[in-house]
Amino acid sequence: MTPVRDRSRRSRSVVLAAIALIAVAVLSGCQTAGTGIGTPPPGAIVVSANYSVFEQASVQAPANQAFTIWFENRENVPHNVRVVQGTGANVALGQIFNGPAAQPLNVPSIAPATYKLRCDVHPDMLAELVAN
Amino acid sequence: MSVIEGPRTPVAIGLRVAIVVLTLATAYIHYTLGSMMFVFNAAGYVVLAAAMVTPLPIFARYRWWIRGALLGWTVVTILGWVMFGARFDLAYFSKAIEVVLIVLLVVEMFMYDGGPINVVRKGIAWLISIARYPFNRGTQA
C-alpha cells in the first residue's frame, strides 16, 4: 500500500470515529432530555427529595379518603418514600428509583393523625405527613 | 518493598488485584448513595484498599492488621445492611461483591497470616502490647 493511500485511509477512519462519537453524544443527550420529572396528577401531594433530604419538612393530606403522593426524586441517587404510622406500621410503600424522575404513590384512606415519611435507602431522611 | 508479602506468583498478584478492585467497586456503589453515612463507608473502603497496596515497609509489616480491618469493615457493612438497609437491586449487587471480598480476604489470611483465627490472636496480642506500652516505658525509664 502506498503512503498516500495509507494516510487517506487513516484520516477517513479518524473522521468516521469522530462522527460516531458525535452521534453517541447527541443520542445520549436526547435520552437525558427525555427523562423529565413530569407533571403531578391533579390533586396529588408533591413530595420531593434532593441532596438526600425531603425538601418538605411537613405535608398536609386529606384524612378518610385515598390520595396520591407525587414523589419527585431530583437527584441521581436512589430514593423512595414510605408512609409509616406512629406505631411503625406501613401505610404505603413506594418503589426505590434513581432520579431525576418522579413516580406516583397511591395512599389508601387513613385516619386523621401525623404520619412519617421515610426513605428506605437513607434512614435519616424523614418528613411528616399530617392527615386532617 | 513489594506490595505482595509472599512470593509474587500470578495467583498472589491476581488475588490482591481482585481484592482492591472489589473494595473500590463497593466503595463506589456506597459513594453514589449520597448521604454522609455512605460516603464515610466509601472513604473507609478507599483508605483500606490503598493500604492494601501501599509498598512501604510499615504497611507491609502491618498488612495482616489492614486485611483484618478490611474484613471487619466489610462484615459490619453487611450487618448494617441486614439490620437497617433497603432491599433493592443495587444493594443486592453490592452485598454479592462484599461476600466475594470476604472470601478472598479469608484466602489471603490463610496464605500469609495462618488464617483468620491466627489474625484474631495476633490482633489481641497487639492490643495488649499497646495497652502495656506506657507501663513498660515507665519501667524502662
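Chains A and B, in that order, are what the protein sequence lines are.
My numbering applies: residue 1 is where the first sequence begins, and numbers increase by one.
My numbering applies: residue 1 is where the second sequence begins, and numbers increase by one.
C-beta atoms are modelled at their ideal positions from N, C-alpha and C, and glycine is treated no differently.
Since this is a predicted model, take the numbers as computed values, not measurements.
- Listed by position along chain B, the residues whose Cβ is nearer than 8 Å to that of A:Ile69 form an empty set, because the closest Cβ is around 18 Å away.
- Identification of residues in the stretch 94 to 128 of chain A having a C-beta nearer than 7 Å to some C-beta of chain B yields Ile96, Asp120, Val121, His122, Pro123, Asp124, given in sequence order.
- For the pair of segments examined, the stretch 102 to 110 of chain A was found to touch the stretch 61 to 76 of chain A: the number of CB pairs separated by less than 8 Å reaches three.
- Ranked by Cα distance from B:Arg67, the first of B:Val82, B:Gly44, B:Phe84 is B:Gly44.
- Taking the Cβ atoms as the reference, B:Val20 lies roughly 10 Å from B:Ala51, outside the contact range of under 8 Å.
- For A:Val83, no Cβ of chain B is located within less than 9 Å of the residue's own Cβ.
- For B:Gly80, no chain A residue has a Cβ inside 7 Å of its Cβ, as the nearest lies near 10 Å away.
- Considering only A:Lys116, A:Val130, A:Gly43, the residue with the shortest C-alpha distance to A:Arg82 is A:Lys116.
- Beta-bridge pairing by DSSP links A:Thr114 to A:Val130.
- Taking a contact to require three or more Cβ pairs closer than 8 Å, the stretch 22 to 39 of chain B and the stretch 3 to 10 of chain B do not qualify as touching.
- Of the residues B:Leu56, B:Met109, B:Ala69, B:Val39, the one whose Cα lies closest to the Cα of B:Leu15 is B:Met109.
- For B:Val21, the uninterrupted alpha helix (DSSP H) run begins and ends at 10 to 32, by DSSP.
- Assignment of B:Val120 by DSSP, reduced to helix, strand and coil, places it in the helix class.
- With respect to A:Pro108, A:Val130 sits apart: the two C-beta atoms are not nearer than 9 Å.
- Here the alpha carbon of B:Leu105 sits roughly 24 Å from the alpha carbon of B:Ile128.
- By the Cβ criterion, the stretch 53 to 70 of chain B is not in contact with the stretch 33 to 43 of chain B, since fewer than three pairs of Cβ atoms, one from each stretch, lie closer than 8 Å.
- The beta carbon of A:Glu75 sits closer than 9 Å to some beta carbon of chain B.
- B:Thr26 and B:Ile117 do not touch by the CB rule: their CB atoms are close to 25 Å apart, not below 8 Å.
- Sequence-ordered contacts of the stretch 47 to 71 of chain A with chain B read Tyr51, Ser52 [C-beta pairs closer than 8 Å].
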